[in-house]
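Q: Quick one: the structure is below, and I'll ask about it shortly.
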Ligand SMILES: [Zn+2]
Ligand SMILES: [Zn+2]
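Residue numbers (this note's numbering): 51 to 401.
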């Protein structure tokens, strides 16, 4: 089968590798869609974690069809269309975090059979843990199912901030995480979503997609003043940061939050952030981080995302802008890496 092998940085080669065999409790999946995630781009931009040996495979936002079953698999059948919860999130099942259902916090997260593991969605086939696969109704496309990883991150972030229906929610950023989060926040009853970005075009898409009600282009107006103005001088009860990187944005989020408000950080900052701690004290702000997803009060957050998708409360299509065959994965990554020139939001690769 063909699989994309990552040799570090921009060196991605599609090579012939053996089709893997599903072990006990696993299924072989013919991958139909795999999204290029912001975390995939960290490696592409040269920030490769030391735990990866070269070449590696990746692609954790995937969906496809079951083609064979490993020993002891029940509840799935050959030919079934499935969404797949990413395997880098599998916990050890024994530590205090796993016992509490918070497997995203497991110190051995993603270690399977003693080895660091992840999904290989940028391949024609991938072996997946059967209990991480859920059948998809016919009306849910593979592309939409491949976006569930993003939606589940949004479900987790929204669960952690405890939204109330009269909340104005501010989202910094206009990428796929921001757009999926905006839709989840609306599904959870947020009164109004205000999205802050650097370019007009993705913000317009966000409004069309139902991810935002109002937008602020931060080159046209000061975002802190704009949010203050939109909230009657109070600031927002909930501010989500989805950008990360090297910019100093955490302080800006705190300046947008109202007294007693919450700042939720979903972006991965690559530089220490300097913040005004006295502002945090004055407003008694809560700053929290939101990393991936797992369960919330006993319910799988990935399944919550799937349920929201299946009942029509999410709108993935406008977020999925670009499609490439596996052979052109280098072009897919280039488009995802330079969204300003490509106008990409989420890029899908089809094996
Ligand atoms: Zn992802
Ligand atoms: Zn664990």
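Where a beta carbon is used, it is the ideal one built from N, C-alpha and C, also for glycine.
#1: Can you give the Cα-Cα distance for residue 383 and residue 123, rounded to whole angstroms?
#2: Helix, strand or coil, according to DSSP, for residue 277 in the structure here?
#3: Considering only residues of the stretch 122-149, which uninterrupted beta strand (DSSP E) runs meet the minimum length of 3 residues and lie entirely inside it, listed in chain order?
#4: Please determine if the stretch 262-275 and the stretch 200-210 are in contact, where contact requires at least 3 C-beta pairs separated by less than 8 Å.
#5: Using a Cβ-Cβ cutoff of less than 7 Å, which residues in the same chain neighbour residue 360 once the five nearest sequence positions on both sides are dropped?
#6: Do residue 144 and ligand 2 come close, with the Cβ less than 7 Å from some heavy atom?
#7: Using a Cβ-Cβ cut-off of 7 Å (strictly less than) and excluding sequence neighbours within five positions of residue 60, which residues of its own chain qualify?
#8: To the nearest whole angstrom, what separates the beta carbons of residue 175 and residue 344, a pair I think is in contact under 8 Å?
#9: Measure the alpha-carbon distance for residue 369 versus residue 259 and round it to whole angstroms.
#10: On a CA-only basis, which of 250, 262 and 132 is nearest residue 241? Give me that one, please.
#11: Does the distance from the C-beta atom of residue 118 to that of residue 72 stay below 8 Å?
#12: How many Å lie between residue 309 and residue 331 at the Cα?
#13: Fully enclosed by the stretch 246-298, which alpha helix (DSSP H) runs are 4 residues long or longer?
#14: Assuming residue 64 and residue 379 form a contact by the criterion Cβ under 8 Å, report the distance between their Cβ atoms to the nearest whole angstrom.
#15: Run through DSSP, which three-state label would residue 338 get?
#16: With a threshold of 8 Å between beta-carbons, can residue 56 be considered close to chain C, or not?
#17: Would you report the Cα separation of residue 252 and residue 396, rounded to the nearest angstrom?
#18: Are residue 169 and residue 120 close, meaning C-beta to C-beta below 8 Å?
#19: Check whether the Cβ of residue 151 lies closer than 7 Å to any heavy atom of ligand 2, and answer yes or no.
#20: Could you tell me if the beta carbon of residue 147 falls within a distance shorter than 7 Å of some heavy atom in ligand 2?
#21: Residues in the same chain with beta-carbon distance under 6 Å from residue 375, minus the five sequence neighbours each way, listed in chain order, please.
#22: In the DSSP assignment, find the unbroken alpha helix (DSSP H) run with residue 227 in it and report its ends.
#23: Between the C-alpha atoms of residue 348 and residue 391, what's the straight-line distance to the nearest angstrom?
#24: Which residues mark the beginning and the end of the alpha helix (DSSP H) in which residue 319 is found?
#25: Please give me, in chain order, every unbroken run of the beta strand (DSSP E) with length at least 3 that falls completely inside the stretch 355-389.
A: On the basis of the coordinates in this document:
#1: 35 Å
#2: helix
#3: The stretch 122-149 contains these whole beta strand (DSSP E) runs: 131-134.
#4: no
#5: 187 and 190
#6: Yes, the beta carbon of residue 144 sits closer than 7 Å to at least one heavy atom of ligand 2.
#7: 94
#8: About 27 Å separates the two Cβ atoms, so there is no contact after all.
#9: 7 Å
#10: 262
#11: For residue 118 and residue 72, yes; Cβs fall inside 8 Å.
#12: 10 Å
#13: 250-258 and 273-280
#14: 6 Å
#15: Three-state DSSP puts residue 338 in a strand.
#16: Given the protein chain composition of this structure (a single chain), no chain C is represented.
#17: 11 Å
#18: no
#19: Checking the Cβ of residue 151 against ligand 2 gives no.
#20: Residue 147 Cβ: within cutoff of ligand 2.
#21: Counting only Cβ-Cβ distances below 6 Å, and skipping sequence neighbours, we find 400.
#22: In the DSSP assignment, residue 227 falls within the unbroken alpha helix (DSSP H) covering 226-237.
#23: 43 Å
#24: Looking at the DSSP string, residue 319 is not in any alpha helix (DSSP H), and its letter there is neither H nor E.
#25: With a minimum length of 3 residues, the continuous beta strand (DSSP E) runs that stay inside the stretch 355-389 are 370-375.
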